[in-house]
Amino acid sequence: MEITQKNGNIILRVENLKMYFPILRGLIIQRKIGDIKAVDGVSFFIRRGETLGLVGESGCGKSTTGRAILQLYRPTGGHVYFEGKDLTKLKGRELRQMRRRIQMIFQDPYASLNPRMTVEAIVGEPLEVHGIAKGKAKRERVQELLAQVGLNPYFINRYPHEFSGGQRQRIGIARALAVDPDFIVCDEPISALDVSIQAQIINLLQDLQEQRGLTYLFIAHDLSVVRHISDRVAVMYLGKIVEMADRDELYENPLHPYTQALLSAVPIPDPEVEMKRQRIILHGEVPSPANPPKGCNFHTRCPRVMDICREKEPAFVDVGGEHFVACFLYSDKVAEESEVTTG
Ligand code: SF4
1154 MEITQKNGNI
1164 ILRVENLKMY
1174 FPILRGLIIQ
1184 RKIGDIKAVD
1194 GVSFFIRRGE
1204 TLGLVGESGC
1214 GKSTTGRAIL
1224 QLYRPTGGHV
1234 YFEGKDLTKL
1244 KGRELRQMRR
1254 RIQMIFQDPY
1264 ASLNPRMTVE
1274 AIVGEPLEVH
1284 GIAKGKAKRE
1294 RVQELLAQVG
1304 LNPYFINRYP
1314 HEFSGGQRQR
1324 IGIARALAVD
1334 PDFIVCDEPI
1344 SALDVSIQAQ
1354 IINLLQDLQE
1364 QRGLTYLFIA
1374 HDLSVVRHIS
1384 DRVAVMYLGK
1394 IVEMADRDEL
1404 YENPLHPYTQ
1414 ALLSAVPIPD
1424 PEVEMKRQRI
1434 ILHGEVPSPA
1444 NPPKGCNFHT
1454 RCPRVMDICR
1464 EKEPAFVDVG
1474 GEHFVACFLY
1484 SDKVAEESEV
1494 TTG
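For what it's worth, the working numbering labels the leading residue of the sequence shown as 1154, then goes sequentially.
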């Protein structure tokens, strides 16, 4: 499956990315008895300066995708091209240099900051690791970064526990910005925060994007937040992207039955429209990524399942205007076939 793009300044292109984790059995001699297919053939691209939202329920593989892009997990298969360079092929020094350009903001600002380090040490660490600044220059740079993320620059000697959740996430953002990256994977950066703080962090990320020309992959399960921040949105289910389109196109014209079900659950602020909202309830559990269903992996829960869905896997195709979907309902071949059977 290859995603082609005709125009635009592509900064990141992910091709058929796979991340499988082995299932091992045996206490002394362990043998592999299968794989958890956390990410199973994901392809997309991101243009410079844009935000691609990646949404899906927990466990669908979106965070693993983020980590595999950064090479925090070495992918089982596929390619990750950053400015044309395949990160999956890089090692040692070359990989470290590339990591300076790609950073990550983590979900949990409580767990991702070392409680024994001061803010100066936390934010300054990447500056030292990459040989950018040390001593007084490092201290000044950390103070500048704190000011940029809306924190008091004189707090550099404080420890993470002395800050609120929102402030800790600001520290995490300052650390990601320290090496002046081009691309940031934001892995559910607001889901551990109080609702009242979430908007502030989103606004900060948007301001920083504008000031620094940053590109984001914004991973989240909250569709309203993703709509607010993203230029385009990709929907993930059980290790695969099932639909991807321009933000407004996806929210106004969702094609994949899974996207339609997800969006039908999002409350609408207008009470009249909200009254008429029809929820699509999906039955059954999400299958295990250790044993995904044959054919379309959504067929066990799809309200519009057809015979072919149980046999064959739908291709991820552009149905027009860079609106990609993996579903036989939009494949001409199936339409023809069903005409023959029903005719
Ligand atoms: Fe549903 Fe079939 Fe489309 Fe899969 S391919 S989403 S099972 S209609």
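For every residue, glycine included, the Cβ atom is placed at its ideal position computed from N, Cα and C.
Annotation: the region 1154-1206 contains the following complete segments of the beta strand (DSSP E) (minimum length 3 residues), in chain order: 1163-1178, 1184-1200. Take residue 1271, set aside five residues on each side of it, and the residues of its chain with a beta-carbon closer than 8 Å to its own are 1309, 1310, 1311, 1312, in chain order. For residue 1242, the secondary structure class from DSSP, reduced to helix, strand or coil, is helix. In the structure shown, residue 1398 falls within a strand segment according to DSSP collapsed to helix, strand and coil. Distance from the Cα of residue 1330 is smallest, within the candidate group 1376, 1253, 1396, for 1253. Relative to ligand 1, residue 1459 has its C-beta within less than 7 Å of a heavy atom.
In the DSSP assignment, the residues bridged to residue 1257 are 1338. Relative to residue 1302, the option among 1318, 1361, 1214, 1347 whose CA is nearest is 1361.
Proximity of the beta carbon of residue 1476 to ligand 1 is not indicated: no heavy atom of the ligand is located closer than 7 Å. Fewer than three Cβ pairs drawn from the region 1462-1481 and the region 1180-1188 lie within less than 8 Å of each other, which leaves the two stretches out of contact.
For the pair of segments examined, the region 1465-1481 was found not to touch the region 1416-1424: the number of CB pairs separated by less than 8 Å stays below three. Residue 1234 is positioned such that its CB atom lies closer than 8 Å to that of residue 1166.
Close CB contacts of residue 1446 within its chain, under the 7 Å cut and outside five residues either way in sequence, are with 1440, 1452, 1453 (chain order). Taking a contact to require three or more Cβ pairs closer than 8 Å, the region 1274-1289 and the region 1343-1358 do not qualify as touching. Taking all protein chains shown into account, residue 1214 has 16 or more neighbouring C-beta atoms within 10 Å of its C-beta and is therefore buried.
Looking only at 1381, 1228, 1190, 1261, the smallest Cα-Cα distance to residue 1403 is reached by 1381. Only buried fits residue 1168, as 16 or more other CB atoms lie within 10 angstroms of its CB. According to the DSSP secondary-structure assignment, residue 1393 is paired through a beta bridge with 1390.
The DSSP assignment places 1424-1429 as complete runs of the alpha helix (DSSP H) inside the region 1423-1487, in order along the chain (cut-off: 4 residues).
The same chain holds no residue with a CB closer than 6 Å to that of residue 1307 once the five nearest residues on each side in sequence are set aside. Cβ contact annotation for residue 1346 (same chain, cutoff 8 Å, sequence separation greater than five): 1262, 1318, 1319, 1322, 1354, in chain order.
Residue state for residue 1235 is assigned as strand, using DSSP reduced to three classes.
Exposed is the label assigned to residue 1288, since fewer than 16 other Cβ atoms lie within 10 Å of its Cβ. In this structure, the alpha-carbon of residue 1384 lies about 35 Å from that of residue 1314. Taking non-hydrogen atoms of ligand 1 into account, the C-beta of residue 1342 is found less than 7 Å away from none of them.
The alpha-carbon separation between residue 1460 and residue 1449 amounts to approximately 11 Å. Nearest neighbour of residue 1328 by Cα position, chosen from 1389, 1257, 1412, 1368, turns out to be 1257.
For residue 1372, the pairing in a beta bridge is given by DSSP as 1207, 1340.
Residue pairing from DSSP places residue 1385 in a beta bridge opposite 1205, 1399. With fewer than 16 other Cβ atoms inside 10 Å of its own Cβ, residue 1436 counts as exposed.
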